[in-house]
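First the structure, in the form of structure tokens, and then the observations on it.
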Amino acid sequence: MKTIIFKTASTYLLPLLVLFSIFILLRGHYLPGGGFVGGLIASIAFVIHSFANGIDQTKSIIKFHPGFLMPIGLAIALLSGAAPLLIGESFMTGLWFEEPVSVIGMVGSALFFDTGVYLVVIGVTLTIIFTISETL
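In our numbering, the protein residues as written are 20 to 155.
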């Protein structure tokens, strides 16, 4: 049963949870969090929205199949791990920009790896949830 309170709350929770998931993604290298936890929080935001408003309305928000995020995320993670090979370092060696970026702080290859994981987790989770809910 979909109540008006749940529908209204999910409309406001979706952008807040996605924003919080990005915060968790960005703070993950220095503190608990990162791509996996951030991706799960973003996925939960869309799952809550689909429970309240229906799967079709949630799919219309996303505009593309979430499965497309998986290869993009894998490519970002692989490229961030392979980038040190270009300068003679070993695979997955952390590289950092010289100057910090405002608001984010020091940006390095770990952030790009976490971003790839973030996209993969969102893609896998939403693909599984959407597939299961379509068969019910």
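Yeah, the Cβ is synthetic: ideal placement off N, Cα and C, and Gly gets one too. Since the model is a prediction, treat every value here as computed from it, not as a measurement.
One thing to note: GLY57 has its Cβ within 8 Å of the Cβ of GLY47. For the options ILE106, LEU50 and GLY127, the alpha carbon positioned closest to that of GLY113 is the one of GLY127. Assigned with DSSP and collapsed to three states, GLY100 falls in helix. Here the alpha carbons of SER62 and ILE91 stand approximately 17 Å from one another. According to the DSSP assignment, SER121 belongs to no alpha helix (DSSP H), since it is labelled neither H nor E.
The Cβ neighbour count for PRO34, taken over all protein chains shown within 10 Å, is under 16; the residue is labelled exposed.
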